[in-house]
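Sequential numbering of the sequence shown, starting at -17, is according to the working numbering.
Structure record follows, encoded as structure tokens.
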Amino acid sequence: MLFGRNRSLLWQVGVVLVVLQLVLVVVVGWFLEARIASFFNQQRLDELRSLAPWVAGSIGPAGDDTRAVQGLSSADRWADGLRVTVVDQDGVVIADSEEDPAVMDNHRFRPEIDEAFKDGSAYATRFSSTLQQELIYYALRRGPVDRPQVVRVALPLTQLQQQLAGVSQTVVLVLCAYFLATIGIIFFVSRWLSRSVRELADGANRFASGDLTHRVPVYPGREFDLLSQSLNQMAEQLSQRLGQLRLQGSELTSILQSMCNGVIALDLDCRILSMNRVAQNMFELIGRDTRGHLLQEFVRDPELSRFVETSIRQGERRFEEIKLVSLGDRSMEITSEPLLDVEDQVVGVVLVLNEVTLLRRLESIRTDFAANVSHELRTPIMAIQGYAELLTEDQDASTRRDYAEVVLRNTMRLSAIIEDLLSLARLEEPDSTQDLSRESIAPLEILETVASDCGDEAMQRGISIEVRPGAAREVFVNRQLVIQAITNLVVNALRYSEKGSSVELAAQATVRDCIDFTVRDTGPGIAPEHLHRLFERFYRVDKGRSREMGGTGLGLAIVKHVAQVHGGTVEVESTVGQGSMFAIRLPLMEPVESLGESGDQLDR
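So this is what it looks like as structure tokens:
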């Protein structure tokens, strides 16, 4: 296309101006040629008008045909190329300076002659059939009214045309020179305008690409000056506003990243617009590019999808607590808020996720703990109450002694439960790790102390305790707590082992600069479904047998917490019918992990 979008300003403006100039040159040339031709024709006509009366007087009076013939025969008397013809009122040629009148046609109805007989004079420009060339004629009537004659003078247009051709050639050359000069000026001006506009466009493109430090030059002309100043002012204002937006964006990003809640922004198609670090960590997406992807690509959970779709459809604030099955039944409090544009139209939704898995777990533990404590305390209290009432009613001394022994035994059980609860409370205090007094002690010394303390009970049950020498390096621990934890494991092993069996104690160094204190028995073993709950408070595999043997249900929980405050862990391996192995793994040097961190790792 001649004026397409891809055409330059130089092309579009230049072509229009060149076409206009060409039209102007053609019109001016045509006009000048017509005016010049008219001028030369008029000049010839004026010449003929001045010659006609003189020629008429030179050839004699009207009616003297002989003299007229004689006068016209002297052709050299006339100007070069001048033709003179005398015609009577009937159109008969009386005399002619170029041809024999006898052979000439009747001229009565020649245009100039006919009009001259009527009006007195006339002129015409036409082709002469006699001379076979174009002439300009002027006819003048003379003589009396009853016998008028017409004297016609004529000049050929050949010379006039030659003169007109020369002048026209000069005009054409001048107009061509003007046209070429105009094209040069148009090209120069258009090129300058195109370059100026292109530089302004390049400046605008640099602004659009983010280079707001660039400034466009100022060009001559009020319009260009105004445009340049406007562009530079726009760049400066954009730079200031973008700086403010970047600052606000940085503040918003910092706020989002510092939040303890996960934040996810989605569009109406559930595509991720942004996600803070907490949310990425929740869904294990650290380091992955999530922007523009569907949320379902990373979190395939029907409950979450339902919540998001409902929030987008309703377009209002919603709150709900759901369990994400895809993340292992993790509990989430989710708040949705509609995402609005500048026209308050809903363009997406913002999700705020608060994980309450640990809170719900603690609530469950608290509920279970309250129920278990009340149950565990109620049993000895009811026994004490019942036997105390019997003591007041029964007067038999031997029976009263038996009742007193039952009361004492339940009192001791109640005291043991309270003591274990207090021990757990002390171990769970936030500063228990920092306030723990420690000392370096050989692992063998710990095991021998435990074996000695449990020796009497083992002997009563007919079970032997074997201590295997192992690691020689010392551990940095609280002596009393470690002995208590291993003692709890040994007592637990003795209670569930058969008479004639043995309980093995050992301490062995591991490759991670730790010591494993192990207690191995050959008892009935523990089914796999119970292993993950063994170290919970009041959890028993066989509740009836445990109470019969005097257990409080808190011994293994104390073992776990003793290991945690030392930066260690507990493990258990068991095979039904073959026995169990409990291990307390403690670091050789002073632990660096806090109680909370160790507890979180163990709970997982």
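Don't be surprised by glycine CBs; every beta carbon is placed ideally from N, CA and C.
query, result
"C-alpha gap between M216 and L322, whole angstroms", "28 Å"
"Through-space distance from E511 to L426, alpha-carbon basis", "33 Å"
"Buried versus exposed, by CB contacts within 10 Å (16 or more), N470", "buried"
"Runs of alpha helix (DSSP H) wholly within the region 446 to 485 (minimum 4 residues, chain order)", "461 to 478"
"Inter-residue Cα distance where the pair is V501 and N336", "42 Å"
"Contacts around R567, its chain only, beta-carbon distance under 6 Å, and the 5 residues preceding and following it disregarded", "C496, D498, G550, T551"
"Assumed close pair G444, Q490 - CB separation to whole angstroms, cut-off 8 Å", "Not quite, the Cβ-Cβ distance comes to about 28 Å (not below 8 Å), so this is no contact."
"Segment contact flag, the region 96 to 107 with the region 161 to 172, C-beta cutoff 8 Å, min 3 pairs", "no"
"Own chain, CB closer than 6 Å to S484, minus 5 neighbours either side, in chain order", "S446, E448"
"Sequence-distant residues of the same chain with beta carbon closer than 7 Å to Q145, five excluded per side", "F22"
"Sequence-distant residues of its chain with Cβ nearer than 6 Å to F109 (five each side left out)", "E116"
"Three-way DSSP call (helix, strand, coil) for V338 in this model", "coil"
"Presumed contact (8 Å Cβ cut-off) between S562 and G507, rounded CB distance", "6 Å"
"V1 in three-state terms, based on DSSP", "helix"
"Buried or exposed (CB count within 10 angstroms, at least 16 for buried), N88", "exposed"
"Opening and closing residue of the beta strand (DSSP E) in which L513 lies", "Unbroken run through L513 is the alpha helix (DSSP H), 510 to 513; no beta strand (DSSP E)."
"8 Å Cβ cutoff met for G63 and P138", "yes"
"Alpha-carbon spacing of A365 relative to A488, whole angstroms", "40 Å"
"Nearest neighbour of R288, chosen from G274, Q141, S318 [CA to CA]", "S318"
"V153: first and last residue of the uninterrupted alpha helix (DSSP H) it sits in", "140 to 190"
"Residues that P569 bridges to, as DSSP identifies them", "C496"
"Contacting residues, own chain, Cβ-Cβ under 6 Å from S556 (five flanking each side not counted)", "G507, I508, S562"
"DSSP three-state assignment for A226, whether helix, strand or coil", "Looking at the sequence provided, one finds Gln at residue 226 rather than Ala. Here Q226 sits in helix by DSSP."
"Sequence-distant residues of its chain with Cβ nearer than 6 Å to L373 (five each side left out)", "R382, Y385"
"Within 8 Å, strictly: CB atoms of L122 and A38", "yes"
"Local conformation of E285 per DSSP, three classes", "helix"
"Alpha helix (DSSP H) segment containing Q546, residue limits", "537 to 547"
"Length of the line joining the Cα atoms of N263 and Q211", "50 Å"
"Residues near S256 by beta carbon distance below 6 Å, same chain, minus five either side", "A247"
"Between the CA atoms of D193 and V(-3) - distance to the nearest angstrom", "35 Å"
"Exposure of N187, with buried meaning 16 or more beta-carbon neighbours within 10 Å", "exposed"
"Within 8 Å, strictly: CB atoms of C252 and V290", "yes"
"Backbone secondary structure at Y385 - three-state DSSP", "helix"
"Through-space distance from E181 to V198, alpha-carbon basis", "7 Å"
"Inter-residue spacing [alpha-carbon to alpha-carbon] between D184 and W174", "15 Å"
"For I316, the residue or residues it bridges with in DSSP", "E302, L335"
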